[in-house]
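Remarks on the structure that follows.
Number of protein chains: 2
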Amino acid sequence: MTTTTPGRRERLRAETVTEIKDSARRLLVAGGPTAVSLRAIARDVGMTAPALYRYFASLDALVLAIVTDLFEDLRHAVEDVAAAHADEEPLTRVGHMARQFRRWALAHPAEFALMFGSPVPGVTQFAEQCTPLTDAGARLGETFFEVLGEHYARHPFGGEPHDLPDPALRELFQPYLETFGDRFPLPVIYLFVAAWTRLYGLVAMEVFGHLAWAMTDIEPLFEVELAETVRRLSR
Amino acid sequence: MTTTTPGRRERLRAETVTEIKDSARRLLVAGGPTAVSLRAIARDVGMTAPALYRYFASLDALVLAIVTDLFEDLRHAVEDVAAAHADEEPLTRVGHMARQFRRWALAHPAEFALMFGSPVPGVTQFAEQCTPLTDAGARLGETFFEVLGEHYARHPFGGEPHDLPDPALRELFQPYLETFGDRFPLPVIYLFVAAWTRLYGLVAMEVFGHLAWAMTDIEPLFEVELAETVRRLSR
DNA sequence: GGAATCAGTGAACGTTGTTTACCCTGGCAA
DNA sequence: TTGCCAGGGTAAACAACGTTCACTGATTCC
């Protein structure tokens, strides 16, 4: 019988796609980036490897899709914590968001490596063609823009706040502006990127173990750096 | 005839080792980290793949050796530029060193990815056992300690300079202190790591293309951030 | 009911790292 | 000079990988 709804094929297909993705993410957290292979996924979902090509053009395409999903996951995690402190000052909210970013990274090191680590050759080349990934990355950035924009609206930085004049900023952020338009003030974008790179540097080095030669507990340093950075944002 | 010097075997062996390493690095810069494979190296040097096991225990061990070499290369590049400005103020010298770090990273993106990117599973596990890699990394750090120490000796930070009291610092940097001892003042170590993570964050994101969605030319931002960081070092 | 599309399989190709058994040559000692 | 033996190197093989191709069944559509 099998009730013939119009989108039965599509529904089955979508279910299989999520099943494949779930399996891939399971393998990713279990064995790291190298453990996610077409054949392992196929074994896991009970198919043969070539069958996966009905759903993804290649392994790289699959990984790219997963990375895009991960960016959405991370963005939601950051948005949730921002919403949970909706009544606080924008800058303290940014602090919460930064801590959440670090927490998420430490809890998902393999995923973090895929998203923010050294670019995987195939995935990067795909990413240059398709836009969903850069979109997801930009959306994560805009989550911060939103809150920083609030602060900016209340305290629009007296004088020369952002070290660079407006026309220079406009030229500097041409890639973003070209794709997403003037949704946020230039100084907000600039200050985010400056703060973002600091945050990224500390968290990435911690997750990747690049500070293990010097120290093990990074949290005190993170808190100091976060305070310093937030202080700078409030100038 | 072949003049039978005492260490002929060893000399031949050493030559082959460097030949293998050179080939690997050639493949690395040509095709990225994934292009460096045992069989490709073997083809390049005119041997079969199993023969390489006479020189390295595994591909991971070979890569580990190369990464260690790369750290030395980078350290020399930084030291050279430090020596070239030996007569200038320590803090301006640190600025030159930071710029050199960025230059080197941009000129050697594949090598940089291997050294500072997401950890390759096998290499990392090796690195935890053997120490030469962490040693090389620490030596690179100490290159900066040296110069920062000069500044510290001239201007020993009045008051509470480094946000954290000395005993806390001692506990924080226990891994470094345990291995390398009290060669440099604690505040110097702390300030270096804090500055290092900022520098790393910006350069890594640039090299890995993680800022491409927002901006293409990172240099202006780098200069601003560098100035900011150096200013903080001079507090 | 026939045709076309789709999901899935099996076999194959060319990679990869690694192990094993074997060979040969250079260096050393008797 | 002779014998030996360790070390360098090879060929074959194994298991795993991504990917392609030809093919089969089922499902959907007209």
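Chains as they are written, first to last, in the numbering used here: chain A, -14 to 220; chain B, -14 to 220. Ideal Cβ positions, reconstructed from N, Cα and C, are used throughout, including at glycine. Only a predicted model underlies this, so the values are computations on that prediction, with no experimental measurement involved.
Neighbour list for L206 of chain B in chain A, Cβ cutoff strictly below 7 Å: V178, A179
Contact list for V63 of chain A against chain B, beta-carbon separation under 9 Å: None at all; the shortest Cβ gap to chain B is about 17 Å.
Straight-line gap, L211 of chain B to A92 of chain A (C-alpha atoms, nearest Å): Looking at the two C-alpha atoms, the distance is approximately 31 Å.
Exposure of A121 of chain B, with buried meaning 16 or more beta-carbon neighbours within 10 Å: buried
C-beta neighbour in chain B for S103 of chain A, strict 8 Å: yes
Stretch-stretch touch, CB-based, cutoff 8 Å, three pairs: the segment 127 to 140 of chain B with the segment 74 to 83 of chain B: yes
Collapsed DSSP secondary structure at V105 of chain B in the structure displayed: coil
Helix, strand or coil at G122 of chain B [DSSP, three-state]: helix
For H81 of chain A, three-class secondary structure by DSSP: helix
Pick from B:D54, B:A98, B:R183 that is closest to F207 of chain B, judged by C-alpha positions: B:R183
Extent of the continuous alpha helix (DSSP H) run through L49 of chain B: 44 to 69
Inter-residue Cα distance where the pair is L12 of chain A and V192 of chain A: 19 Å
Alpha-carbon spacing of T(-12) of chain B relative to T53 of chain B, whole angstroms: Any reading at T(-12) of chain B needs caution, since the residue's pLDDT is 44, under 50, leaving its predicted position unreliable; the model's value is listed next. Each residue's Cα considered, the two are about 34 Å apart.
Residue from B:T201, B:L149, B:R10, B:D151 whose Cα sits closest to the Cα of L157 of chain A: B:T201
Residue of B:I203, B:P106, B:R124 minimising C-alpha distance to A153 of chain A: The residue with the shortest Cα to Cα distance from A153 of chain A is B:I203.
Terminal residues of the alpha helix (DSSP H) in which Y38 of chain B lies: No alpha helix (DSSP H) holds Y38 of chain B; DSSP gives it neither H nor E.
Neighbourhood of A34 of chain B by C-beta distance below 6 Å, restricted to the same chain and skipping five residues each side: When the five nearest sequence neighbours on each side are left out, the beta carbons in the same chain lying within less than 6 Å of the beta carbon of A34 of chain B are those of L23, R24, A27, in order along the chain.
Short Cβ contact (8 Å threshold) for A138 of chain B with F165 of chain B: no
Cβ of G144 of chain B within 8 Å of any chain A Cβ: Because G144 of chain B sits at a pLDDT of 42, beneath the cut-off of 50, its placement in the model cannot be relied upon, and the following sentence gives the value as read from the coordinates. Not an interface residue.
Against chain A: residues of the segment 126 to 160 of chain B by CB proximity under 8 Å: G126, D148, L149, A153, L157, F158, Q159, P160
Cβ pair L118 of chain A, L49 of chain A closer than 8 Å: yes
Cβ neighbour criterion (16 or more within 10 Å) applied to Y185 of chain B: buried
Closer than 8 Å to chain B by CB, M200 of chain A: yes
Inter-residue Cα distance where the pair is H61 of chain B and I51 of chain B: 15 Å
Assigned exposure category for H195 of chain B - 16 Cβ within 10 Å defines buried: buried
Beta carbon proximity, R183 of chain A to chain B, threshold 8 Å: yes
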